[in-house]
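Student:
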Amino acid sequence: MSPRPHWAELPALDLALEEREQELKVLLDSPKTYVYVAGQERIQALLDKALSHIMGAKEKWERRKAELIAGRRWVELIY
2 MSPRPHWAEL PALDLALEER EQELKVLLDS PKTYVYVAGQ ERIQALLDKA LSHIMGAKEK
62 WERRKAELIA GRRWVELIY
């Protein structure tokens, strides 16, 4: 038996992000914010869904993410 049951389950990342919605909106709008994402590939869809909700629309999030990437302020290490 594992001392960590449910270890294979994804963390409730979407809920954690949505609990901090206002703070994240401010950070995502700041030119001083740099985002580093590391984790398994399956986390990408969860992260994009939560941030789309926080930004108010999928298109708004995609545009903001593209701006962060273009400004070299978004880095991903996905495995």
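Numbering follows this note's numbering, in which position 74 of the sequence shown is assigned residue number 75; successive positions increment by one, without gaps.
Cβ coordinates follow ideal geometry from the N, Cα and C atoms, glycine included.
In this text the structure is predicted, and so the values were computed from the model without any measurement.
Is the beta carbon of Val38 closer than 8 Å to that of Glu68?
Tutor: Locating residue 68 in the sequence shown gives position 67, where the first residue counts as 1. Locating residue 38 in the sequence shown gives position 37, where the first residue counts as 1. No, these two residues do not count as a Cβ contact at 8 Å.
Student: Three-state secondary structure (DSSP) at Gln77?
Tutor: As a first step, residue 77 must be located in the sequence shown, where it is residue number 76. Contrary to the premise, residue 77 reads as Glu rather than Gln in this sequence. Looking at Glu77 - three-state DSSP - the assignment turns out to be strand.
Student: Nearest by alpha-carbon distance to Thr34: which of Tyr80, Ile79 and Lys66 is it?
Tutor: Your numbering for residue 34 matches position 33 in the sequence shown. That would be Lys66, whose Cα lies nearest to the Cα of Thr34.
Student: With a threshold of 7 Å on Cβ separation, who are the neighbours of Arg74 within its own chain once the five nearest residues in sequence on each side are excluded?
Tutor: Here residue 74 refers to the residue found at position 73 when the sequence shown is read from its first residue. Counting only Cβ-Cβ distances below 7 Å, and skipping sequence neighbours, we find Thr34, Tyr35 and Val36.
Student: Let me confirm a value: Leu28 is counted as buried when at least 16 other C-beta atoms fall within 10 Å, else exposed. Which label applies?
Tutor: Counting from 1 along the sequence shown, the entry for residue 28 is found at position 27. It counts as exposed.
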